[in-house]
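Here the structure is laid out as structure tokens; the discussion comes afterwards.
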Amino acid sequence: MSEVSTDADNPSAQIKRQSATALTLAAIGVVYGDIGTSPLYTVKEVFAPSTGLVLTPENLIGAVSTIFWALMLIVTLKYVILILRADNRGEGGALALTALAANAVKDKPFLRQSLLMMGLFGATLFYGDSVITPAISVIGAVEGLEMVTPVLTPYVVPISVAVLLLLFLMQRFGTQLVGKFFGPIIVVWFSVLGLTGILEIIQQPAILQALNPLNAAVFLWDRGPFILAAVGAIVLALTGAEALYADMGHFGRKPIQMAWMTLVLPGLALHYMGQGALLMRDPSAIENPFFRMFPQSWLIPAVVLATVAAVIASQAVISGAYSMTKQAILLGFLPRMDIKYTSENEVGQIYMPAVNWILLVGVVAAVLAFKSSSALAGAYGIAVTLTMVITTTLTFFVVRDAWKLPLVVALAATVFFLGIDVFLFAGCIIKFFDGGWFPLVMGLSLFAVMTTWSKGRSLVIETIRRDGLDLQSFIRSIEAGHNHLIQRTAVYAVANPETVPQALLHNMKHNQVLHEKNIIMTVKFDEVPWVSDKHRVKVEKISAHFWQVVLTYGFMNTPDVPKALLLCQQFGLDIPTFETTYFLSRETVVPTPGGDMAQWREIMFAAMTRNSGGIVEFFHLPDNSVVELGTRVQI
Amino acid sequence: MNTQASAYITVTSKDGLDPELSALLSMQATQFTSAIKLSHDNRTANAKAVVEVMSLGVHSGGIVQIRTSGEDAQTALNTLIAVIQHY
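Respectively, the protein sequence lines represent chains R and P. FYI, the numbering for the first sequence is 447 to 1081, going by this note's numbering. FYI, the numbering for the second sequence is 4 to 90, going by this note's numbering.
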């Protein structure tokens, strides 16, 4: 029997074996690439004609002060200090938080279901970000070429598309080789941000008044509702803040906090102040304040560095989209898809061709449709701020129901942060017709897909349960009769362990035999990130020749069925790898009028079932030992 | 009292005596003490052995003879007819 290591695919366990410095360096590359590339376009957009803000020293100090205090309150206080504590067994992110909140209110079914739907919608919004982040950061970086010479302006869009095409085409090779350079490059990036900021602040120290929060308050208060347009642009400085929570499982809380406090926050704060100082000194720099901070001779290296940083930021959201999709599949919200493992050492490094190509089409379409970072800025922010609203709401239930904090404390903190989130969202929603609809439509479409898949699967399982034969009675009847037994093991993968697998009936009909050992196997995914090997298998002997085995995984685990079945030996059930045949049922869903779902949803579900990825690869089954049998299920 | 009973019945279900109906018949048959035989096209199967029932290969519209012999022969016959008719 092979040796099975415990928690081999759990990065939280791997984290403990790596040094704090190495993890901090790695975290800087992956976690902070997105928020780190915001200076490419944020200040420019705050003073864009659409916001109506005039470039006066007071407005500059007020706007930079608002950016600085937004970074302090939203990113530092809310995410780095507070939300990072709401981990689900070491994991963060929309789905992990949703699971945590849902578990906290498990005795209130309606509330639990509402929180699950809310969290799921938050997760779908991430895909909108996954399209806009690569588009806006790469195009924002390449726009630096316009500062080198205006002759290059017509080439900005084609070069951006070429960079993005290359990025997506390279995904299949994984990031194992280049990934180790991400951290050091982003360290250089933040150092450059800080340095360029300092050089400008020295020339215009008045910008340091932005450190006074009163300037932010006055800036926001004085203009009444007209300030919302500028707020919608200031939000751009915060895009990517969710990543530091989403990636917590990969790096751990401490390295993420350490990187933010020692490098990222100082780099960003100095740089935004530097852009403010530059604009106080030379308002004409508003054409592209980021690149105007560099001397002409340094522009080309600056464009190259910015493009590389944008690529790293994009890589982080693309990898995040793969990871989120895999989690959604395991939680039963999406059909199985092809997952390629791109690293022999780290099971978390995956590539999903379908997600990759869909994102590529979305990103290139966004670049070609919007054509500039300014136009894309209109689409950016709504998804980010809506996700923040959802995160704050879900955290309330974790703080109140799981941590049992006094209601007054939980409510006060939630109202405070929710107030800020809603204010930021209000700033973004006014950009709805300027492209803001794009991530919302994408999120809502995916939400419809995910809820349809989830509902469809439960209808299929219910139909099988209703129409299927009772397994226990069937086993009693065949054990009483005379059957020709063959000395091999059959594993029947079933969705419902209480009824007779169709594959078992068909095997008996066509081959006219019964295996000596028959395993009725169910694979279950719990709403927790990780389930260890210790809790992986549950074995129950139901007759002389039949066993029921339940394999349980978390939504971050990688299901490897043959490996898990080896664990049955400790329960007295030996399943020899090379003498075992896996019998699978592939359901063909037949939509019927008047079913439990709207007809269009039934048709969509049937199409998704037809096109869902192979069960063999998904569960790591040996493809020369699998028999797949088709069955029709009417819903 | 040992009795015998017999009947012919047409299998009307769309897929004939499919694996599921075969299993259902077999599950019902094992509840009786009587011996139960099913015959179709010169082939005979012990109704309590599901693999044998499945191997009869009865299509939709095919006629099956049910023969029961034992203390509860008549009840067994009626039950199996009902299973085929209501499937």
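Note that beta-carbon positions come from the ideal geometry of N, C-alpha and C, so glycine has one too.
Rounded C-alpha distance that separates residue i from residue j
i       : j       : result
R:L690  : R:Y478  : 7 Å
R:E973  : R:R846  : 20 Å
R:G1082 : R:L806  : For residue 1082 of chain R there is no data in the structure shown, the boundaries of chain R being 447 and 1081.
R:M447  : R:Y938  : Because R:M447 carries a pLDDT of 34, less than 50, the predicted location of this residue cannot be relied on, and no value is offered for it.
R:I1061 : R:V603  : 41 Å
R:K963  : P:L24   : 24 Å
R:I764  : R:P580  : 8 Å
R:I647  : R:G475  : 26 Å
P:A26   : P:T13   : 18 Å
R:V450  : R:R535  : Reliability of the predicted coordinates at R:V450 is poor, the pLDDT of 36 falling under 50, and no value is obtained from them.
R:A656  : R:L517  : 13 Å
R:E1025 : R:I785  : 27 Å
R:V906  : R:A990  : 30 Å
R:L709  : R:M1043 : 52 Å
R:Y487  : R:I585  : 10 Å
R:I876  : R:S820  : 15 Å
R:L562  : R:Q1045 : 24 Å
R:T452  : R:D979  : Model confidence at R:T452 stands at a pLDDT of 44, short of 50, so the residue's coordinates are unreliable; what they give is reported in the following sentence. Approximately 5 Å between the Cα atoms of the pair.
R:R911  : R:T945  : 6 Å
R:G881  : R:R1056 : 34 Å
R:A548  : R:L892  : 21 Å
R:I804  : P:G65   : 52 Å
R:I988  : R:F971  : 23 Å
R:S919  : R:W976  : 35 Å
R:F843  : R:P852  : 12 Å
Close Cβ partners of residue i (< 8 Å) along its chain, the five nearest in sequence each way excluded
i       : result
R:D1006 : F1065, H1066
R:R782  : I775, S1058, G1059, G1060, I1061, F1064
R:T685  : D480, I481, S484, D575, T579, Y826, G827, V830
P:K17   : S63
Own chain residues within Cβ distance below 6 Å of residue i, not counting five before or after
i      : result
R:Y718 : V510, I513
R:T470 : P701, M704, A705
R:G959 : According to the sequence shown, residue 959 of chain R is Val rather than Gly. Closer than 6 Å at the Cβ level, and outside the excluded window around R:V959, lie H930, I932.
R:A949 : Y938, F1029, S1031, L1075
CB contact flag (residue i, residue j, <8 Å)
i       : j       : result
R:I481  : R:L822  : no
R:Q773  : R:L541  : yes
R:T841  : R:I529  : yes
R:L611  : R:P885  : no
R:A532  : R:L546  : yes
R:G590  : R:A692  : no
R:S900  : R:A675  : no
R:I1081 : R:P1039 : no
R:F737  : R:A748  : yes
R:P735  : R:V489  : yes
R:A936  : R:T1027 : yes
R:V594  : R:I836  : no
R:Y797  : R:R618  : yes
R:M954  : P:V61   : no
R:V801  : R:T771  : yes
P:A48   : P:L41   : yes
Bounding residues of the alpha helix (DSSP H) (the contiguous stretch that carries residue i)
i       : result
P:M57   : 53 to 57
R:L414  : One cannot answer for residue 414 of chain R here, as it falls past the ends of chain R, which runs 447 to 1081.
R:S769  : 745 to 776
R:Y718  : 711 to 727
R:H696  : 694 to 697
R:G482  : 479 to 482
R:E1063 : 1061 to 1064
R:S919  : 917 to 926
R:L857  : 853 to 875
Chain-order list of residues whose beta-carbon lies under 7 Å from that of residue i (same chain, five-residue window excluded)
i      : result
P:L80  : A8, A10, I69, T71
R:F493 : L499, L501, I732
R:Q649 : A723, R727
P:P22  : M57
R:Y525 : A687, L690, Y691
R:G508 : N661, A662, V664, F665
R:F992 : I921, N964, I966
Where the beta strand (DSSP E) through residue i begins and ends
i      : result
R:Q617 : Segment: none, R:Q617 is in no beta strand (DSSP E) and carries neither H nor E.
P:H43  : 38 to 43
P:Q34  : Per DSSP, P:Q34 belongs to no beta strand (DSSP E) and is neither H nor E.
Check: residue i C-beta below 7 Å from any heavy atom of the ligand HEM
i      : result
R:L530 : The ligand HEM is not among the ligands present in this structure, which contains no ligands whatsoever.
For the segment 951 to 1016 of chain R, which segments carrying the alpha helix (DSSP H) assignment without a break, of at least 4 residues, lie completely within its bounds, in sequence order? Whole alpha helix (DSSP H) segments, 4+ residues: 1007 to 1012.
Secondary structure, alpha helix (DSSP H): runs of 4+ residues fully inside the segment 627 to 687 of chain R: Every alpha helix (DSSP H) stretch that sits fully inside the segment 627 to 687 of chain R and reaches 4 residues is listed by chain position as 659 to 668, 674 to 680.
Could you give the uninterrupted runs of the beta strand (DSSP E) lying entirely in the segment 495 to 562 of chain R, keeping only those of 3 residues or more? Those beta strand (DSSP E) runs which fall completely within the segment 495 to 562 of chain R and span 3+ residues do not exist here.
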